[in-house]
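Novice: Below: one structure in structure tokens.
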Amino acid sequence: QKEVEQNSGPLSVPEGAIASLNCTYSDRGSQSFFWYRQYSGKSPELIMFIYSNGDKEDGRFTAQLNKASQYVSLLIRDSQPSDSATYLCAVIRDDYKLSFGAGTTVTVRA
Amino acid sequence: GAVVSQHPSRVICKSGTSVKIECRSLDFQATTMFWYRQFPKQSLMLMATSNEGSKATYEQGVEKDKFLINHASLTLSTLTVTSAHPEDSSFYICSARDTGLARDTQYFGPGTRLTVL
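Line by line, the protein sequences give chains A and B. Numbered by this note's numbering, the letters in the first sequence go through residues 470 to 579 in order. Numbered by this note's numbering, the letters in the second sequence go through residues 2 to 118 in order.
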């Protein structure tokens with residue numbers, strides 16, 4: 470079992486819709502969770518981090534964490550063409566390295 | 002968010018030469034930095050962990066004598082690709098660990114695109 474698994478993409482949504490990205494992790498002791506956005510040819514950019522169960526909102530982004538279910542998600546509201554990118558779910562391991570999911574490529578159709 | 006810079010952003014070199022890439026944390030101290038490599042349309046691959054004041058630790062299959070890492074200060078780590086060959090052409094990205102917040106967070110530099118002719 471992979472440490473971090475993301476729902477398979479690609480995900481195509483119309484402009485203005487909600488994009489929903491899901492991620493599960495295997496280590497029940499994990500404490501810190503991240504969503505990075507990576508545009509083609511660029512490095513990953515941290516867009517959200519979440520440590521506590523529940524929702525965390527930042528602008529059009531909402532991260533949700535459920536430690537009992539070992540599940541973390543990212544919602545992008547009012548999706549814009551500029552949101553088209555690959556989104557990486559990541560978890561910090563005990564050795565401080567990041568475990569990444571395979572990424573979900575999102576395309577927002579104008 | 003915190004800022005991590007890399008220099009150069011792009012480098013083209015001849016086969017057999019060495020290339021040094023710098024990674025700097027600009028507004029926080031980073032005792033730990035990480036070096037990744039990413040080939041086109043592939044996932045990030047962790048190469049090594051760079052620890053300030055001590056030797057780097059390398060992932061399995063990464064040659065430590067080929068990819069020299071030096072973390073001489075709390076804000077600077079360097080990766081030197083020695084005797085580069087065309088197969089070393091890739092996108093090299095560093096990340097820096099920010100422990101100044103309540104929890105660990107890692108920020109990535111903008112990456113260095115290496116092309117070896």
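Idealized CB from N, CA, C, for every residue including glycine.
Could you name the residues of the same chain whose beta carbon sits closer than 7 Å to that of Gly529(A), not counting the 5 residues immediately before and after it, in chain order?
Specialist: Rather than Gly, the amino acid found at residue 529(A) in this sequence is Arg. The residues are Ile545, Arg546, Asp547.
Novice: Going by other Cβ atoms of all chains shown within 10 Å of its Cβ, with 16 needed for buried, is Ile94(B) buried or exposed?
Specialist: Flag for Ile94(B) reads buried.
Novice: Might you give, ordered along the chain, the residues of its own chain that have their beta carbon closer than 6 Å to the beta carbon of Ile70(B), omitting 5 neighbours on each side?
Specialist: Contacts found: Ala49, Ser51, Ala57, Leu80.
Novice: Using the three-state DSSP reduction, which class does Pro513(A) fall into: helix, strand or coil?
Specialist: Here Pro513(A) sits in coil by DSSP.
Novice: Using DSSP with H/G/I as helix, E/B as strand and the rest coil, what is Glu474(A)?
Specialist: In the structure shown, Glu474(A) sits in a strand (DSSP, three-state: E or B).
Novice: Would you report the Cα separation of Arg580(A) and Ser55(B), rounded to the nearest angstrom?
Specialist: The structure shown does not extend to residue 580(A), since chain A is modelled only from 470 to 579, so the question has no answer here.
Novice: So is Ile561(A) in contact with chain B if we call contact Cβ pairs under 7 Å?
Specialist: True, the Cβ-Cβ gap to chain B drops below 7 Å.
Novice: Report all residues from its chain with a CB closer than 8 Å to the CB of Thr113(B); omit the five preceding and five following residues, and keep chain order.
Specialist: Cβ within range, chain order: Gln7, His8, Pro9, Ser10, Arg11, Val12, Ile22, Phe92, Tyr93, Ile94.
Novice: According to DSSP, simplified to helix, strand and coil, what is Glu88(B)?
Specialist: Of the three classes helix, strand and coil, the one that applies to Glu88(B) here is helix, per DSSP.
Novice: Could you name the residues of the stretch 17–28 of chain B whose beta carbon sits closer than 7 Å to any beta carbon of chain A, in the order they occur along the chain?
Specialist: Against chain A - using a Cβ distance shorter than 7 Å - the stretch 17–28 of chain B contributes no residues.
Novice: What residues of chain A sit near Asp89(B), judged by a beta carbon separation below 9 Å?
Specialist: The premise fails here: Asp89(B) is roughly 18 Å from chain A at the closest Cβ pair, so nothing lies under 9 Å.
Novice: Could you say which of Pro111(B), Thr116(B), Asp105(B), Gly110(B) lies nearest to Phe502(A) if we only look at CA atoms?
Specialist: Nearest of Pro111(B), Thr116(B), Asp105(B), Gly110(B) to Phe502(A), Cα basis: Asp105(B).
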